[in-house]
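In our numbering, the protein residues as written are 12 to 333. Note that the Cβ used here is the ideal one computed from N, Cα and C, for glycine as well. Have a look at the structure below, then the notes.
This is how it looks when you write it as structure tokens:
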């Protein structure tokens with residue numbers, strides 16, 4: 012495969028011109044083909060700031076990347092929650108902790124994720140510290156899911172073509188198009204319930220519309236006033252709630268969950284081993300700022316997946332499942 016589309020995109024970006032969806036589709040295919048040089052990959056990822064993405068470019072990027080993914084097939088609606096990352100706040104692994112609580116509350120959960128892109132500890136890192144095996148096949152993952160109602164699917168296993176850009180992304184150390192579309196390209200065929208945190212407010216409605224196109228049953232896109240791509244335990248969080256193909260926007264505060272506010276400094280993350288120790292303390296019911304942080308996000312997820320009727324009921328259900 013040639014790199015003509017990547018070349019063309021770089022020239023357009025250099026001249027501050029827009030990229031058409033068809034060209035973006037071809038360029039993404041070239042980036043992950045193994046035939047594009049590191050120089051061109053780096054130039055494209057640097058020149059194309061992810062904030063330039065619109066709904067049409069995101070849709071074709073999803074199509075291009077999912078076509079190269081290893082599919083995992085399951086015959087019932089499951090839930091996933093993930094963030095774009097890159098908020099720079101280095102918080103504790105609240106999404107991973109919350110996903111386990113939601114699963115223990117009765118919702119089948121397949122967590123799609125990878126190692127950290129901007130903090131010391133990503134979803135894969137904390138689960139590895141807990142002794143989980145990451146390099147599982149789809150068949151092994153589904154066996155675990157049927158036994159436990161929960162499994163983690165490790166991104167590099169299901170998106171092998173990303174290996175052609177992963178080292179360059181890490182060396183660049185900047186947010187790229189892959190950070191933005193990553194949460195939208197789960198290899199699963201049946202995600203009925205989804206929560207996606209976004210680092211930029213502009214992606215809220217765009218992501219909600221894309222999820223409707225992908226056939227989600229219920230979902231929420233979240234972005235907090237403090238920049239967090241989680242339900243914030245300190246500031247208001249803006250929600251784009253998707254239900255029955257309709258989008259409803261509203262704000263949530265910690266008080267809506269009946270919980271106190273906590274300063275961001277109290278929920279910082281650490282190394283994988285440190286975060287795993289914190290996770291155990293949360294599950295043992297210790298009164299920590301991180302416990303409230305996890306409960307808020309768990310309660311929100313339980314409402315999204317229709318296990319709880321309101322935020323405070325979600326808190327009670329989450330506390331029973333810790």
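Is it right to say residue i is buried, meaning 16 or more other beta carbons lie within 10 angstroms of its own, or is it exposed?
i, result
"residue 159", "exposed"
"residue 99", "exposed"
"residue 261", "exposed"
"residue 107", "buried"
"residue 296", "exposed"
"residue 82", "exposed"
"residue 303", "buried"
"residue 276", "exposed"
"residue 256", "exposed"
"residue 325", "buried"
"residue 240", "buried"
"residue 154", "exposed"
"residue 273", "buried"
"residue 122", "buried"
"residue 86", "exposed"
"residue 62", "exposed"
"residue 15", "exposed"
"residue 104", "buried"
"residue 224", "exposed"
"residue 197", "buried"
Contact check, residue i vs residue j under 8 Å by CB: the rounded distance?
i, j, result
"residue 166", "residue 125", "4 Å"
"residue 190", "residue 95", "6 Å"
"residue 235", "residue 251", "Actually they are not in contact, since the Cβ atoms of residue 235 and residue 251 sit about 13 Å apart, beyond 8 Å."
"residue 152", "residue 162", "5 Å"
"residue 156", "residue 119", "7 Å"
"residue 30", "residue 68", "7 Å"
"residue 24", "residue 58", "4 Å"
"residue 179", "residue 52", "5 Å"
Would you kindly work out how many angstroms separate the C-alpha atoms of residue i and residue j, rounded to a whole number?
i, j, result
"residue 193", "residue 17", "20 Å"
"residue 77", "residue 177", "17 Å"
"residue 93", "residue 208", "6 Å"
"residue 140", "residue 280", "14 Å"
"residue 173", "residue 43", "6 Å"
"residue 32", "residue 305", "38 Å"
"residue 111", "residue 39", "33 Å"
"residue 414", "residue 41", "Here the chain comprises residues numbered 12 to 333, so residue 414 is not present and cannot be evaluated."
"residue 109", "residue 215", "21 Å"
"residue 131", "residue 278", "14 Å"
"residue 200", "residue 27", "37 Å"
"residue 101", "residue 289", "14 Å"
"residue 248", "residue 291", "27 Å"
"residue 22", "residue 54", "10 Å"
"residue 218", "residue 13", "31 Å"
"residue 187", "residue 211", "13 Å"
"residue 90", "residue 220", "18 Å"
"residue 45", "residue 263", "44 Å"
"residue 19", "residue 34", "8 Å"
"residue 182", "residue 60", "16 Å"
"residue 285", "residue 213", "34 Å"
"residue 56", "residue 195", "19 Å"
Leaving aside the five residues before and after residue i along the sequence, list all residues of the same chain whose C-beta is less than 7 Å from its C-beta, in chain order.
i, result
"residue 307", "242, 244, 265, 268, 270"
"residue 136", "126, 127, 283"
"residue 133", "124, 125, 126, 127"
"residue 237", "243, 245, 246, 275"
"residue 310", "268, 319, 322, 325, 326, 329"
"residue 222", "205, 230, 253"
"residue 114", "120, 160, 161"
"residue 259", "252"
From the DSSP output, read off the bridge partner residues of residue i.
i, result
"residue 258", "253"
"residue 91", "205"
"residue 230", "205, 253"
"residue 199", "83"
"residue 235", "248"
"residue 102", "279"
"residue 161", "120"
"residue 263", "248"
Could you name the residues of the same chain whose beta carbon sits closer than 6 Å to that of residue i, not counting the 5 residues immediately before and after it, in chain order?
i, result
"residue 170", "80"
"residue 328", "116, 313, 319"
"residue 70", "none"
"residue 316", "90, 118, 204"
"residue 149", "83"
Leaving out the 5 sequence neighbours to the left and right, which residues in its chain are closer than 8 Å to residue i when beta-carbon positions are compared?
i, result
"residue 227", "202, 203, 204, 205, 253"
"residue 293", "108, 299, 301, 302, 305, 333"
"residue 287", "137, 140, 141"
"residue 146", "165, 168"
"residue 74", "36"
"residue 88", "119, 201, 202, 203, 204, 228"
"residue 66", "217, 220, 221"
"residue 9", "Nothing in the structure corresponds to residue 9, since the chain is present only between 12 and 333."
"residue 331", "116"
Taking only heavy atoms of the ligand NAD into account, decide whether any of them is closer than 7 Å to the Cβ of residue i.
i, result
"residue 295", "You won't find the ligand NAD in this model; it holds no ligand whatsoever."
Checking contacts by CB at 8 Å: is residue i closer than that to chain D?
i, result
"residue 90", "Any reference to chain D falls outside this structure, which holds one protein chain only."
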